[in-house]
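Each residue of the sequence shown is one higher than the last, beginning at 3 in the numbering used here.
C-beta atoms are modelled at their ideal positions from N, C-alpha and C, and glycine is treated no differently.
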Amino acid sequence: MSDILERLERRYEEDMRTGPVPVTDASELPLSYEMITDAWLTDALCPKGSGARIIGHSFGPADNGSSERRTLEVDYDGTGRALGLRTRFFCKASMGLPSRVGIGITGAAWAESNFYRHIRPHLDIEAPLGFYGKVDPDSLVSMVILEDIRDRVAEFGHHTTKITRKRAEDQVETLARVHGAGYANPEVRRHLAAFSTWPDYFDRTLSFGLEQACREGFRMAEPVLPARLFAREGEIWPKTIASLDRHRRGDDSYVHCDVHLRNWYVTRDDRMGLADWQCSSRGHWSRDLAYCLSVGLDIEDRRAWERELLALYLDRLAAHGGPRVGFAEAFDDYRAQMMTVLAWWTITLNPAPSMPEELQPRDSTLCFLERIGTAMDDLETLDAF
Numbered sequence: 003m004s005d006i007l008e009r010l011e012r013r014y015e016e017d018m019r020t021g022p023v024p025v026t027d028a029s030e031l032p033l034s035y036e037m038i039t040d041a042w043l044t045d046a047l048c049p050k051g052s053g054a055r056i057i058g059h060s061f062g063p064a065d066n067g068s069s070e071r072r073t074l075e076v077d078y079d080g081t082g083r084a085l086g087l088r089t090r091f092f093c094k095a096s097m098g099l100p101s102r103v104g105i106g107i108t109g110a111a112w113a114e115s116n117f118y119r120h121i122r123p124h125l126d127i128e129a130p131l132g133f134y135g136k137v138d139p140d141s142l143v144s145m146v147i148l149e150d151i152r153d154r155v156a157e158f159g160h161h162t163t164k165i166t167r168k169r170a171e172d173q174v175e176t177l178a179r180v181h182g183a184g185y186a187n188p189e190v191r192r193h194l195a196a197f198s199t200w201p202d203y204f205d206r207t208l209s210f211g212l213e214q215a216c217r218e219g220f221r222m223a224e225p226v227l228p229a230r231l232f233a234r235e236g237e238i239w240p241k242t243i244a245s246l247d248r249h250r251r252g253d254d255s256y257v258h259c260d261v262h263l264r265n266w267y268v269t270r271d272d273r274m275g276l277a278d279w280q281c282s283s284r285g286h287w288s289r290d291l292a293y294c295l296s297v298g299l300d301i302e303d304r305r306a307w308e309r310e311l312l313a314l315y316l317d318r319l320a321a322h323g324g325p326r327v328g329f330a331e332a333f334d335d336y337r338a339q340m341m342t343v344l345a346w347w348t349i350t351l352n353p354a355p356s357m358p359e360e361l362q363p364r365d366s367t368l369c370f371l372e373r374i375g376t377a378m379d380d381l382e383t384l385d386a387f
């Protein structure tokens, strides 16, 4: 890991010495938003052969996290206006050193770019459309340009967002469609090789100090965790690693892998949409379902609905081309997959040294950890192995 970081640091320093050179060809990646020109945006966004040109653009304020995010508005010449081309977009990039490390080394930048280029066109779900995606394998600079969905969104997910039974069923349907396409759609299957397996993705995060950060994060989360679960602290990490084995059995589908509530949104007609596909991988469907229900539902609602929602999911998965899975087998997989869900939020509470200091708002993180820990305790997850 140290060799990779040193190489990236050298490349980043070299890029900074080069300075902000404007880019005009979309085969090149900008090193800052200030380097992006109308000509570059024309090449990246205008339909080839249309004759349309972008003649002006503006970016919204910085909104940085694991990636550098900006809204984008463009103005077209007469041809572009006559064609009715969209004028508002959303950009996600890795230009700075922390984002090159965070979403470059893990493969998250490739996962998201490949999703919008190769997978999204074949999914009948509520999710943003993608218009440009590229990653430089040497510098790990990346960018995706997506549809700006704000006009159709009533609420972006937050730990206070109420997931009703109807919304939960919509989430289950969305996941079944994604996973079903990963099993049955030939175009999706053709592109699966471009994605890491979930165990490989997880293993790459170990080089950031994931294990130690998660162990300490678990201790920090004691006030919101059930006492019975916390008392078995020594079993948490070994069984987190054991939970990865379910993804090595050769029945991979396409999975989102980060379906926490802040990656969902509610449309104006009360549909659930799913965004942020940076962790998407080849793996078993059970991680997504365990993650979605444990993090998104109020504790009492999860207790009341989870078996019915699991049964509904299994029915819809088969309807969308996936395998028919027995409830008992599915339930064991579902409860075992809570382990890496917990890991994703203990490291959020206690980021590793090379990660941004605050990955998510603390109130959301503690709420989600309480929900995950309670689900693990209710389901006796530590005894599922």
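- Item | Runs of alpha helix (DSSP H) lying entirely within the region 180-263, each at least 4 residues, in chain order | 188-193, 200-208, 212-222, 229-232, 235-245
- Query: Residue range of the beta strand (DSSP E) that Thr108 falls in?
  - Reply: To locate residue 108, count along the sequence shown from 1; it is residue 106. No beta strand (DSSP E) holds Thr108; DSSP gives it neither H nor E.
- Identify every residue that forms a DSSP beta bridge with Thr376. On the sequence shown, residue 376 is found 374 positions in, with the first residue counted as 1. Beta-bridge pairing links Thr376 to no other residue.
- For the alpha helix (DSSP H) that contains Trp287, what are its first and last residues? For the purposes of this step, residue 287 is taken as residue 285 along the sequence shown, with counting starting at 1. Residues 287-298.
- Query: Residues bridged to Arg90 by DSSP?
  - Reply: Along the sequence shown, read from residue 1 onward, the residue named residue 90 stands at position 88. According to DSSP, which records beta bridges pairwise, Arg90 is partnered with Glu75.
- Along the chain, where does the beta strand (DSSP E) that runs through Thr269 open and close? Start at 1 with the first residue of the sequence shown, and residue 269 comes out as number 267. Counting along the chain, the beta strand (DSSP E) containing Thr269 begins and ends at 266-269.
- Query: Below 8 Å between beta carbons: does that hold for His193 and Leu319?
  - Reply: Locating residue 193 in the sequence shown gives position 191, where the first residue counts as 1. Locating residue 319 in the sequence shown gives position 317, where the first residue counts as 1. Taking 8 Å as the Cβ cut-off, His193 and Leu319 do not qualify as a contacting pair.
- Item | Reference Asn265; option with closest CA among Ser245, Cys294, Ile238, Asp272 | Along the sequence shown, one-based indexing puts residue 265 at 263. It is Cys294.
- Can you have a look at Gly86 and say buried or exposed, based on whether 16 or more other CB atoms are within 10 angstroms of its CB? Here residue 86 is taken as the residue at index 84 of the sequence shown, counted from 1. By the neighbour-count rule (16 or more Cβ atoms within 10 Å), Gly86 is not buried but exposed.
- Query: CA-CA distance, Pro228 and Leu177?
  - Reply: Position 226 of the sequence shown holds residue 228. Position 175 of the sequence shown holds residue 177. Approximately 29 Å, taken between the alpha carbons.
- Measure the Cβ-Cβ separation of Leu314 and Glu171 and say whether it is below 8 Å. In the sequence shown, the residue the question calls residue 314 occupies position 312. In the sequence shown, the residue the question calls residue 171 occupies position 169. It is a contact, given that the beta carbons lie within the stated cut-off.
- Could you tell me which of Gln214, Arg90, Leu208, Gly58 sits nearest to Asp153, measuring between CA atoms? Within the sequence shown, residue 153 is the residue found at index 151, counting from 1. Nearest C-alpha to Asp153: Arg90.
- Query: Among Asp365, Ala330, Arg337, Ala332, which residue has its Cα nearest to the Cα of Trp347?
  - Reply: Translated into the one-based positions of the sequence shown, residue 347 becomes position 345. It is Asp365.
- Quick one: measure Cβ to Cβ for Tyr134 and Ile147, integer angstroms, because I've assumed they're closer than 8 Å. As a working note, residue 134 is residue 132 in the sequence shown. As a working note, residue 147 is residue 145 in the sequence shown. Indeed they touch by this definition, with Cβ atoms about 4 Å apart.
- Query: Would a C-beta distance cut-off of 8 Å place Ser245 and Ala338 closer than the cut-off?
  - Reply: Within the sequence shown, numbered from 1, the residue matching residue 245 stands at position 243. Within the sequence shown, numbered from 1, the residue matching residue 338 stands at position 336. Cβ distance < 8 Å, so Ser245 and Ala338 count as in contact.
- Message: Measuring alpha carbon to alpha carbon, tell me which residue in Ile349, Glu359, Glu128, Arg179 is nearest Gly211.
- Response: Position 209 of the sequence shown, counted from the start, is the residue given in the question as residue 211. Measuring from the Cα of Gly211, the nearest candidate turns out to be Ile349.
- Item | Distance, Leu263 Cα to Gly159 Cα | Here residue 159 refers to the residue found at position 157 of the sequence shown. Here residue 263 refers to the residue found at position 261 of the sequence shown. If I take the Cα positions, the gap works out to 5 Å.
- Message: Rounded to the nearest angstrom, what separates Pro139 and Leu31 at their Cα positions?
- Response: Here residue 139 refers to the residue found at position 137 when the sequence shown is read from its first residue. Here residue 31 refers to the residue found at position 29 when the sequence shown is read from its first residue. Distance between the alpha carbons of Pro139 and Leu31: 11 Å.
- Determine, using beta carbons only, whether Ala183 and Tyr256 come nearer to each other than 8 Å. In the sequence shown, residue 183 corresponds to position 181, counting from 1. In the sequence shown, residue 256 corresponds to position 254, counting from 1. Going by C-beta atoms, Ala183 is nearer than 8 Å to Tyr256.
- Item | Straight-line Cα distance separating Val226 from Leu99 | Along the sequence shown, one-based indexing puts residue 99 at 97. Along the sequence shown, one-based indexing puts residue 226 at 224. If I take the Cα positions, the gap works out to 34 Å.
- Between which two residues does the beta strand (DSSP E) harbouring Val155 extend? Position 153 of the sequence shown, counted from the start, is the residue given in the question as residue 155. That run of the beta strand (DSSP E) goes 155-158.
- Task: Could you tell me whether the Cβ atoms of Leu1 and Pro353 are closer together than 8 Å?
- Result: With the chain covering 3 to 387 only, the question about residue 1 has no answer from this structure.
- Message: Considering only their Cβ atoms, is the gap separating Arg102 from Tyr203 smaller than 8 Å?
- Response: In the sequence shown, counting from the first residue as 1, residue 203 sits at position 201. In the sequence shown, counting from the first residue as 1, residue 102 sits at position 100. Going by C-beta atoms, Tyr203 is not nearer than 8 Å to Arg102.
- Message: How far does the beta strand (DSSP E) with Ile57 in it extend, from its first residue to its last?
- Response: One-based indexing of the sequence shown puts residue 57 at position 55. Counting along the chain, the beta strand (DSSP E) containing Ile57 begins and ends at 56-61.
- Query: Apart from the five residues just before and just after Glu75, which ones in its own chain have a Cβ nearer than 7 Å to its Cβ?
  - Reply: If you number the sequence shown from 1, residue 75 lands on position 73. Here the set comprises His59, Ser60, Thr89, Arg90.
- Enumerate in chain order the residues of its own chain whose CB-to-CB distance from Ser288 is below 6 Å, with the five nearest sequence positions on each side excluded. On the sequence shown, position 286 is the one that residue 288 refers to. Excluding residues within five positions, the ones whose Cβ falls inside 6 Å are Asp335, Tyr336, Gln339.
- Query: Going by C-alpha distance, which of Leu316, Arg304, Phe387, Arg206 is nearest Gly375?
  - Reply: By 1-based counting over the sequence shown, the position of residue 375 is 373. Selected option, being the one with the closest Cα: Arg304.
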